[in-house]
Amino acid sequence: MNKIELSIAINAPIERCFDLARSVDLHRFSMQHYHETIISGVQAGLMDYHNRVTWRARHFGVWFTLESAITKFSRPFYFTDEMQAGPFKKMVHDHFFYCTDSGTVMIDQFYFQSPYGWLGEIVDSLVLKNYLVNLLQQRNETIRQFAETDKWMEVLAQPEKIYKST
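For the sequence shown, the numbering used here gives the first residue as 2, with consecutive numbering after it.
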């Protein structure tokens, strides 16, 4: 399985960074270039443990659907979302948050494997890994920009919409 690891320093409290990272509203905003929309599951607000969301987005000129669920959760230190259905053979995204003197360090560990055996491995190494690195960096930069400015209030200052599983 392929692994991407990214980290970004954010001059903001850990709780704010954690909540922005699990906001479907901010995710949708950060991925608007890919026309990402929610087709089922949590429609707005913050994802919580066991929540699911199904996204539809356009990548490489092709429409994809991906359902993910939060499978591990410990606010404000980490959460994991895993693909339940979609284009990958397997996809796991671990999000870690650490307090620092200047705010928070957010670390992404993104694991993915394409289908189709050796052909998928070639696509992963030649095209997909770099594409996903850029996509994750773009998302992380959006989280940083919102967390370090008053923009975070556009997403988090509304009456908190957290979808608890029953």
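We treat Cβ as the ideally placed atom computed from N, Cα and C, and that holds for glycine.
None of the values given here were measured: they were computed from a predicted structure.
Among the options, nearest to residue i - alpha-carbon criterion
{"i": "G118", "options": "I15, K91, A86", "result": "K91"}
{"i": "A70", "options": "M32, H60, P77, G42", "result": "G42"}
{"i": "R140", "options": "G121, D109, V128, D151", "result": "D109"}
{"i": "D151", "options": "I9, P14, L7", "result": "P14"}
{"i": "G62", "options": "E37, A86, Q85, M84", "result": "E37"}
{"i": "I40", "options": "D20, S24, L67", "result": "L67"}
Cβ-Cβ separation, residue j to residue i (assumed contact under 8 Å), whole Å
{"i": "T143", "j": "L27", "result": "7 Å"}
{"i": "S115", "j": "D125", "result": "5 Å"}
Proximity of residue i and residue j at Cβ, strictly below 9 Å
{"i": "A148", "j": "C18", "result": "yes"}
{"i": "F80", "j": "M32", "result": "no"}
{"i": "F113", "j": "M2", "result": "yes"}
{"i": "A45", "j": "H96", "result": "no"}
{"i": "Y35", "j": "L136", "result": "yes"}
{"i": "S24", "j": "V128", "result": "no"}
Chain-order list of residues whose beta-carbon lies under 7 Å from that of residue i (same chain, five-residue window excluded)
{"i": "M154", "result": "none"}
{"i": "K130", "result": "N3, I5"}
{"i": "H60", "result": "Y35"}
{"i": "I9", "result": "M107, N141, R145"}
{"i": "Q85", "result": "R53, E68, S69, A70"}
{"i": "D1", "result": "As shown, the chain starts at 2 and ends at 167. That puts residue 1 outside it, with no answer to give."}
Contact set for residue i: own chain, Cβ-Cβ below 6 Å, skip 5 residues either direction
{"i": "C82", "result": "According to the sequence shown, residue 82 is Asp rather than Cys. Closer than 6 Å at the Cβ level, and outside the excluded window around D82, lie S69, I71, H94."}
{"i": "P88", "result": "F65"}
{"i": "C100", "result": "I15"}
{"i": "G121", "result": "S115"}
CB contact below 9 Å: residue i versus chain B
{"i": "T72", "result": "Absent here is chain B; the protein component of the structure consists of one chain."}
Beta-carbon contacts of residue i that lie in its chain and below 8 Å, excluding the five residues immediately before and after
{"i": "I11", "result": "C18, G104, T105, V106, M107, I144, R145, A148, E149"}
{"i": "K4", "result": "Q110, F111, Y112"}
{"i": "E16", "result": "R76, P77"}
{"i": "Y164", "result": "Note that Y164 scores 46 on pLDDT, short of 50, meaning its location in the model is unreliable; the coordinates nonetheless yield the value given after this. For Y164, where only same-chain residues beyond five positions count, the Cβ hits under 8 Å are V43, G46, L47, M48, D49, N52."}
{"i": "L7", "result": "I108, D109, F111, V134, L137, Q138, N141"}
Near the ligand ADP: residue i beta-carbon under 8 Å from a heavy atom
{"i": "V124", "result": "For the structure depicted, the ligand ADP is absent and the ligand set is empty, with no information on it obtainable."}
**OP:** Determine contact between the region 24-40 and the region 49-63, defined as no fewer than three beta-carbon pairs at a distance below 8 Å.
**Re:** yes
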